[in-house]
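Student: Residue numbers (the working numbering), protein chains in the order written: chain G, 14 to 348; chain L, 4 to 423.
All C-beta atoms in this analysis are idealised placements derived from N, C-alpha and C, irrespective of residue type, glycine included.
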Amino acid sequence: MAQPQSILHFYIYPLFYESGLRIYSIGPFLALPPDIRLAVAEKINCQDAVRPDLILESQRNRRLCILECKASSFGPESSTASQARSFLLIASQILSEILGLGTRGESEGMVCYFIGPDNAELMEGTLDALEKEIKEKVNCESGNYGCFKIRPFESSIILEYPEKIKKFMNIIKDSPIQITEIKKDTDPRPLYFIPYDPNIQQRKEEQEYCRRVLFERILSYVLSSIGGSTISRSITFLTDDLLNAATFGIFDIWEDNEAKKHIRRLVKDFIANIRASINEPLRECISYESQKGWIINLKDKETQDELLKQLQKFKPEELDLSKMIEPTLFENTEI
Amino acid sequence: MPDIDISKELESINSREKMIRYFDGYSAERMEELDERKIKRPLVKSYMLEHVGDTDRQKGITELLSSIGKETQKIDENMYRVLENKEYMGFLEVLTPRYFVFYTLHHSEKADRWVRNMVLSSPDLDHVWLSGLTFDVLWRRVAQLSKPHRYVSLMFIHESIYQIDSEIQGNEDDEDKEISLSLEEGDLIEVVERRASKFKLVDKVSIVSDKLSKLQNLYSPLYAISQLRFPSPVGRGGHDFYDNGKVTNRSGNFRDHRSHILYVQRIYDELMKMTEERAWYSIYKEKVTIPGQFQKLIGSPVTIKFDEKLSEATFNYWVKSTFGRLNNRFRLWGNPIILGPTKIQVYGVDKHLWKPIFLELTDEHLIAIVPKGTCGNTIHRLICNIQRYIDPAAKAYIGSEEYQAIVDKSSRGIKYNIEH
Numbered sequence: 014m015a016q017p018q019s020i021l022h023f024y025i026y027p028l029f030y031e032s033g034l035r036i037y038s039i040g041p042f043l044a045l046p047p048d049i050r051l052a053v054a055e056k057i058n059c060q061d062a063v064r065p066d067l068i069l070e071s072q073r074n075r076r077l078c079i080l081e082c083k084a085s086s087f088g089p090e091s092s093t094a095s096q097a098r099s100f101l102l103i104a105s106q107i108l109s110e111i112l113g114l115g116t117r118g119e120s121e122g123m124v125c126y127f128i129g130p131d132n133a134e135l136m137e138g139t140l141d142a143l144e145k146e147i148k149e150k151v152n153c154e155s156g157n158y159g160c161f162k163i164r165p166f167e168s169s170i171i172l173e174y175p176e177k178i179k180k181f182m183n184i185i186k187d188s189p190i191q192i193t194e195i196k197k198d199t200d201p202r203p204l205y206f207i208p209y210d211p212n213i214q215q216r217k218e219e220q221e222y223c224r225r226v227l228f229e230r231i232l233s234y235v236l237s238s239i240g241g242s243t244i245s246r247s248i249t250f251l252t253d254d255l256l257n258a259a260t261f262g263i264f265d266i267w268e269d270n271e272a273k274k275h276i277r278r279l280v281k282d283f284i285a286n287i288r289a290s291i292n293e294p295l296r297e298c299i300s301y302e303s304q305k306g307w308i309i310n311l312k313d314k315e316t317q318d319e320l321l322k323q324l325q326k327f328k329p330e331e332l333d334l335s336k337m338i339e340p341t342l343f344e345n346t347e348i
Numbered sequence: 004m005p006d007i008d009i010s011k012e013l014e015s016i017n018s019r020e021k022m023i024r025y026f027d028g029y030s031a032e033r034m035e036e037l038d039e040r041k042i043k044r045p046l047v048k049s050y051m052l053e054h055v056g057d058t059d060r061q062k063g064i065t066e067l068l069s070s071i072g073k074e075t076q077k078i079d080e081n082m083y084r085v086l087e088n089k090e091y092m093g094f095l096e097v098l099t100p101r102y103f104v105f106y107t108l109h110h111s112e113k114a115d116r117w118v119r120n121m122v123l124s125s126p127d128l129d130h131v132w133l134s135g136l137t138f139d140v141l142w143r144r145v146a147q148l149s150k151p152h153r154y155v156s157l158m159f160i161h162e163s164i165y166q167i168d169s170e171i172q173g174n175e176d177d178e179d180k181e182i183s184l185s186l187e188e189g190d191l192i193e194v195v196e197r198r199a200s201k202f203k204l205v206d207k208v209s210i211v212s213d214k215l216s217k218l219q220n221l222y223s224p225l226y227a228i229s230q231l232r233f234p235s236p237v238g239r240g241g242h243d244f245y246d247n248g249k250v251t252n253r254s255g256n257f258r259d260h261r262s263h264i265l266y267v268q269r270i271y272d273e274l275m276k277m278t279e280e281r282a283w284y285s286i287y288k289e290k291v292t293i294p295g296q297f298q299k300l301i302g303s304p305v306t307i308k309f310d311e312k313l314s315e316a317t318f319n320y321w322v323k324s325t326f327g328r329l330n331n332r333f334r335l336w337g338n339p340i341i342l343g344p345t346k347i348q349v350y351g352v353d354k355h356l357w358k359p360i361f362l363e364l365t366d367e368h369l370i371a372i373v374p375k376g377t378c379g380n381t382i383h384r385l386i387c388n389i390q391r392y393i394d395p396a397a398k399a400y401i402g403s404e405e406y407q408a409i410v411d412k413s414s415r416g417i418k419y420n421i422e423h
């Protein structure tokens with residue numbers, strides 16, 4: 014919805030783009046300033062630093078929308094509420110300082126949850142309660158907040174939002190609005206920019222789909238590198254390079270080291286699967302060295318052509334995409 | 004005339020001045036022969052080529068061509084003679100580090116095949132692709148530049164090869180049949196029961212200006228302009244530009260021919276910059292004081308919207324022919340993720356240049372996400388192929404902007420300098 018598309022021909026209605034909203038940041042790590050951390054310490058349960066899914070900025074004024082997607086609502090006592098308290102604090106007057114845009118009060122913020130149809134009212138109730146708690150227990154101000162409700166309706170997907178969100182973000186259309194059509198027997202999902210985030214809780218089928226997209230993208234990167242390479246040289250892939258190529262560089266900024274280890278293991282296993290699928294003796298041109306990563310030795314044109322031919326026949330969908338990957342020795346030894 | 008003589012004549016040309024004079028005189032002779040309808044030797048043909056835009060990956064022409072078995076002999080800073088197996092094939096001029104032109108006197112059949120094989124052999128080299136949408140804008144420039152009584156020639160080619168009737172064709176080697184126009188040659192005649200339009204329109208500029216858009220509204224294959232003649236301002240005839248960057252000199256002046264190539268190349272270069280600036284997806288990392296790096300996603304999707312919805316059978320055959328074969332007309336690779344009867348997504352590779360490209364195909368549109376570094380040429384080739392084989396009246400958008408408006412903008416700032 015924030016992507017530039019023609020309003021005459023669109024697949025997903027570019028509601029945010031048309032309203033002058035642009036992606037300010039993807040998954041930024043936002044830390045509460047020291048004075049706020051001291052003020053809230055041991056009084057309310059909140060996180061010192063949080064990572065919202067997205068921040069949108071309004072081109073027309075200095076307003077920012079902190080977006081967080083949740084599959085379901087949560088109550089004020091739940092563990093997720095600690096993250097929500099931090100979002101509410103961050104969306105207040107301190108937002109411009111936290112984002113480095115200036116001193117306090119220079120920007121206005123709003124926390125918006127994207128949530129399914131049966132959860133929006135509950136979610137609004139939770140946010141009301143959390144705002145009240147912040148006011149009463151630490152006498153701190155919360156930012157604006159609200160919920161975008163996504164629901165299917167007949168053969169379309171509808172987005173609903175309260176008037177306070179429309180006004181704050183200068184959204185040009187009244188709620189509700191149809192954002193895309195659902196065709197019979199057709200999955201409405203768009204192309205993914207960031208294919209896989211192990212931090213997001215997913216159903217098994219969803220996780221398999223996302224892993225497949227990640228693997229397809231890694232395979233396309235490997236193929237491109239081999240096909241575009243000159244002969245008589247070797248290509249080296251660090252696992253992190255592959256992951257950055259497949260995630261538009263987002264892998265580099267994930268700060269969840271456990272999640273990163275998990276995803277590295279997945280990719281190493283995937284490349285090992287690719288290698289195993291290559292016929293002997295061609296397989297020998299792919300090797301792994303712990304200090305360097307994956308090395309593909311393209312000694313001549315025949316090797317390059319045959320490798321490309323075999324790799325183009327490799328099908329990530331035929332792998333066990335829900336496989337649990339166990340840690341291996343020396344898994345952190347790539348430089 | 005046997006080719007060996009052409010090679011010998013080219014061998015004796017050892018300076019730019021001699022080359023220009025020789026090609027100029029040669030063009031004048033051919034024009035006289037054309038007037039007498041007794042053409043004795045092949046016309047001058049030029050092929051506009053594109054090297055990678057990424058300066059880190061750019062190679063010198065000698066290195067680039069030697070990697071695919073071609074020899075170069077430098078005759079000045081930007082002009083080279085090109086040989087293969089000791090045969091002189093023509094001259095290659097380096098217009099910019101990204102754009103080259105290959106000039107030759109060899110027969111079309113031989114020259115077309117030689118250039119096509121050169122492009123197929125190198126992931127760093129591609130044709131300059133002029134889609135029907137681009138030609139439509141270039142045609143408007145022709146109309147502005149030419150006197151109303153001058154004759155213009157346009158060729159329209161559309162072939163709905165993915166309509167289900169074509170399945171009976173079986174084992175075609177699609178990759179060899181990628182867009183390549185050599186209209187001087189005879190065509191294979193086949194019985195087809197699917198839309199296949201190929202015809203040439205030659206008329207006065209004033210007449211075409213008045214009628215073309217009306218005709219296009221009546222019959223959509225007329226949007227698929229595949230060749231356009233720029234009338235020569237210095238005499239009869241002109242310069243025939245084809246959609247794969249081939250330019251045939253049907254005028255009596257080589258310098259004028261070259262100037263027209265430079266004009267179109269400048270427009271194309273501007274178009275390429277605008278395309279890549281808008282379409283390239285990447286994460287832009289912005290450093291701010293607290294707490295570190297912020298990431299913005301920049302770029303725009305490329306949307307090609309079909310004028311007519313494809314039937315499910317046509318859609319399926321298009322997908323099967325493209326992603327079910329290693330060699331296919333679109334030169335794409337990918338494992339389709341099937342999301343519905345007429346919807347797939349592919350995180351694949353453009354095999355022309357071996358660069359990643361992400362695609363969504365439905366019966367109504369094609370959406371392409373082009374990661375930064377994937378040449379803008381990929382987009383122009385995709386639009387060419389869609390107009391040629393899927394829907395001649397398809398509209399293209401880069402982000403919210405119509406592709407034709409971008410082409411129009413890219414041609415406005417370019418001066419039309421004819422050297423005389």
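#1: Taking only beta-carbon positions, decide if residue 262/G is within less than 9 Å of chain L.
#2: Can you tell me whether residue 116/G is buried or exposed? The criterion is at least 16 other CB atoms within 10 Å of its CB, across all chains shown.
#3: Rounded to whole angstroms, what is the Cα-Cα separation between residue 292/L and residue 113/G?
#4: Give the residues of chain L in contact with residue 240/G, contact being defined as C-beta atoms less than 8 Å apart.
#5: Specify, as a first and last residue, the run of the alpha helix (DSSP H) that residue 407/L falls within.
#6: Identify the continuous beta strand (DSSP E) that holds residue 400/L and give its terminal residues.
#7: Once DSSP output is grouped into helix, strand and coil, what is the label at residue 136/G?
#8: Is residue 313/L close to chain G? Criterion is C-beta to C-beta, closer than 9 Å.
#9: Please identify the residue among 55/L, 304/L and 75/L whose C-alpha is closest to the C-alpha of residue 404/L.
#10: Please name the residue or residues paired with residue 206/L in a DSSP beta bridge.
#11: Hey, how far is the Cα of residue 386/L from the Cα of residue 246/L?
#12: I'd like to know if residue 4/L contacts chain G, where contact means its C-beta is closer than 9 Å to some C-beta of that chain.
#13: Sorted by chain position, which residues of the same chain lie with C-beta nearer than 7 Å to residue 312/L's C-beta, five sequence neighbours on each side aside?
#14: Beta carbon of residue 87/G, beta carbon of residue 62/G: below 9 Å?
#15: Can you give me the C-alpha to C-alpha distance between residue 191/G and residue 278/G, rounded to a whole angstrom?
#16: Taking C-alpha atoms, which residue in 131/G, 101/G and 229/G lies nearest to residue 330/G?
#17: Ordered along the chain, which non-local residues of its own chain (more than five positions away) have a Cβ less than 8 Å from that of residue 75/G?
#18: Chain L beta carbons: is any one of them nearer than 9 Å to that of residue 244/G?
#19: When DSSP builds the beta bridges, which residues end up paired with residue 306/L?
#20: By the criterion of Cβ-Cβ separation under 8 Å, what are the contact partners of residue 165/G in chain L?
#21: If I follow the unbroken beta strand (DSSP E) through residue 249/G, where does it start and stop?
#22: Quick check: the Cα distance between residue 218/L and residue 211/L, rounded to an integer number of angstroms?
#23: Suppose the cutoff is 6 Å on Cβ atoms and the five residues either side in sequence are ignored; what does the same chain contact list for residue 363/L look like?
#24: Anything in the segment 52 to 71 of chain G with a Cβ closer than 7 Å to a Cβ of chain L? List those residues in chain order, please.
#25: Please name the residue in 255/G, 193/G and 222/G whose C-alpha comes closest to that of residue 281/G.
#26: Within a Cβ cutoff of 8 Å, which residues of the same chain sit near residue 152/L, ignoring the five residues on either side of it in sequence?
#27: Output yes or no for whether 9 Å exceeds the beta carbon distance between residue 248/L and residue 50/L.
#28: Buried or exposed, going by whether 16 or more other CB atoms sit within 10 Å of the CB of residue 27/G?
#29: Per the DSSP calculation, residue 123/G is bridged to which residue(s)?
#30: Under 7 Å, CB to CB, which of the residues in the segment 252 to 285 of chain L have a partner in chain A?
#31: Taking a contact to mean a Cβ-Cβ separation below 9 Å, would you say residue 244/L touches residue 159/L in this structure?
#32: Let me check understanding here. Comparing Cα to Cα, which of 131/L, 35/L and 85/L lies closest to residue 55/L?
#33: Where does residue 23/G land, buried or exposed, given buried means 16+ other C-beta within 10 angstroms?
#34: Please look up how many angstroms separate the CB atoms of residue 231/L and residue 141/L, rounded, as I've assumed it's under 8 Å.
#35: With residue 95/G as the anchor, note down where its alpha helix (DSSP H) starts and where it stops.
#36: Looking at chain L, is there any beta carbon in it that lies within less than 9 Å of the beta carbon of residue 202/G?
Tutor: Taking the geometry as given:
#1: With its beta carbon less than 9 Å from one in chain L, residue 262/G belongs to the interface.
#2: When all chains shown are included, residue 116/G counts as exposed.
#3: The predicted position of residue 292/L is uncertain, since its pLDDT is 37 and thus under 50; a value taken from the coordinates is nonetheless stated next. Roughly 5 Å between the two C-alpha positions.
#4: By Cβ distance, chain L contributes 126, 352, 354 and 357.
#5: Judged by DSSP secondary structure, residue 407/L falls within the alpha helix (DSSP H) whose first and last residues are 406 to 415.
#6: If you look at residue 400/L, you'll find it in the beta strand (DSSP E) that goes 398 to 401.
#7: Three-state DSSP puts residue 136/G in a helix.
#8: It does not; no Cβ of chain G falls within 9 Å.
#9: Considering only alpha carbons, the answer is 304/L.
#10: DSSP lists 155/L as partners of residue 206/L.
#11: One alpha carbon belongs to residue 386/L, the other to residue 246/L, and they sit about 11 Å apart.
#12: The pLDDT assigned to residue 4/L is 47, lower than 50, so where the model puts this residue is not dependable; a value taken from the coordinates is nonetheless given after this. Interface with chain G (9 Å Cβ-Cβ cutoff): residue 4/L is excluded.
#13: 366 and 367, listed in sequence order.
#14: With respect to residue 62/G, residue 87/G sits apart: the two C-beta atoms are not nearer than 9 Å.
#15: Approximately 40 Å between the Cα atoms of the pair.
#16: Nearest of 131/G, 101/G and 229/G to residue 330/G, Cα basis: 229/G.
#17: So the qualifying residues of the chain are 109, 114, 119, 120 and 121.
#18: So yes, residue 244/G belongs to the interface.
#19: BP columns for residue 306/L point to 370/L and 400/L.
#20: In chain order: nothing, as chain L lies at least about 15 Å away.
#21: Annotation for residue 249/G: the continuous beta strand (DSSP E) segment containing it runs 246 to 250.
#22: Straight-line measurement puts the Cα of residue 211/L at about 10 Å from the Cα of residue 218/L.
#23: 348 and 370.
#24: Those residues of the segment 52 to 71 of chain G that come within reach of chain L (Cβ to Cβ, closer than 7 Å) do not exist; the list is empty.
#25: If we check each option's Cα against that of residue 281/G, 255/G comes out closest.
#26: Excluding five sequence positions before and after residue 152/L, the CB atoms of its chain that fall closer than 8 Å to its own CB belong to 207, 208 and 209, given in chain order.
#27: In this structure, residue 50/L lies closer than 9 Å to residue 248/L by Cβ.
#28: Its Cβ being crowded by 16 or more others within 10 Å, residue 27/G is buried.
#29: Partner(s): 78/G and 157/G.
#30: Absent from the structure is chain A; the protein chains it does hold are G and L.
#31: At a Cβ-Cβ threshold of 9 Å, residue 244/L and residue 159/L do not count as neighbours.
#32: For residue 55/L, the nearest C-alpha among the options comes from 131/L.
#33: Buried, by the Cβ-count rule.
#34: Their Cβ separation, rounded to whole angstroms, is 6 Å, which keeps residue 231/L and residue 141/L in contact under 8 Å.
#35: Counting along the chain, residue 95/G sits inside the alpha helix (DSSP H) bounded by residues 93 to 103.
#36: So, interface residue.
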